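Visitor: One structure coming up, written as structure tokens, with questions to follow.
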Ligand code: NI
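Numbering (our numbering), first residue to last: 9 to 177.
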């Protein structure tokens, strides 16, 4: 089932999530819904907080469904290594129509649990490292705009505010 994606300004998107503790049928349905919602958007990543579920769980697929091996489902993730730096344009399904250059690590190793609760460790470089960091931020209630400063941040927030006022957000 495709779930509605929360947008910037909606409470649950901005609150930190809690660990997944049960890998039951309900969690399997949630994972399926998240993958389906990500592909439908379409996007390369989605965190549970973006559909209003306060759990530390995200899905990433750089191929957007074209390559089954690219799908990453990870619960209770933590970084075990991060190094380097990359500066690239970034967007977010919860902030449609906006993007900005964000500083991210060039390489990130994430450890967490898969959808069955088994431990997994995944190394990401380039775009995958960026996606891991972006989705991890969501689990802490943060979005990429929170990482910006100055004029660029003000500009995006002002535009979102204007869209909200005119009922287009
Ligand atoms: Ni996002």
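In this text, a Cβ means the ideal position worked out from N, Cα and C, and glycines have one as well.
As the structure is a computational prediction, the values presented were derived from the model and not from experiment.
Threshold first: 4 residues or longer. Then list the alpha helix (DSSP H) segments lying entirely within the region 28-97, N to C.
Guide: 33-48
Visitor: Assuming residue 38 and residue 45 are in contact, meaning their beta carbons sit under 8 Å apart, how far apart are those beta carbons, in whole angstroms?
Guide: So it is not a contact: roughly 10 Å between Cβ atoms.
Visitor: Drop a sphere of 10 angstroms on the beta-carbon of residue 80, count the other beta-carbons inside from all chains shown, and report buried for 16 or more, exposed for fewer.
Guide: buried
Visitor: Would you kindly check if the distance between the Cβ of residue 112 and the Cβ of residue 74 is under 8 Å?
Guide: no
Visitor: Just the C-alpha distance for residue 62 and residue 51, rounded to the nearest angstrom, thanks.
Guide: Going from the Cα of residue 62 to the Cα of residue 51 covers about 20 Å.
Visitor: Is DSSP giving residue 110 helix, strand or coil here?
Guide: In this structure, DSSP gives residue 110 an extended state, which the three-state scheme calls strand.
Visitor: Specify whether the region 166-173 and the region 108-122 touch according to this definition: at least 3 beta carbon pairs, one from each stretch, less than 8 Å apart.
Guide: no
Visitor: Using 10 angstroms around the beta-carbon of residue 159, count the other beta-carbons present and answer buried if the total reaches 16, otherwise exposed.
Guide: Its Cβ having fewer than 16 others within 10 Å, residue 159 is exposed.
Visitor: For a test of the three-state rule: what should DSSP assign to residue 143, helix, strand or coil?
Guide: Three-state DSSP puts residue 143 in a helix.
Visitor: Would you kindly work out how many angstroms separate the C-alpha atoms of residue 60 and residue 92, rounded to a whole number?
Guide: When only Cα atoms are considered, residue 60 and residue 92 end up about 32 Å apart.
Visitor: Grouping DSSP H, G and I as helix and E and B as strand, with all else coil, what is residue 135?
Guide: helix
Visitor: Under the criterion of a Cβ to heavy atom distance below 7 Å, does residue 102 qualify as lining the ligand NI?
Guide: yes
Visitor: Mind checking which residues open and close the beta strand (DSSP E) that includes residue 157?
Guide: First-last for residue 157: undefined, no H or E at that position.
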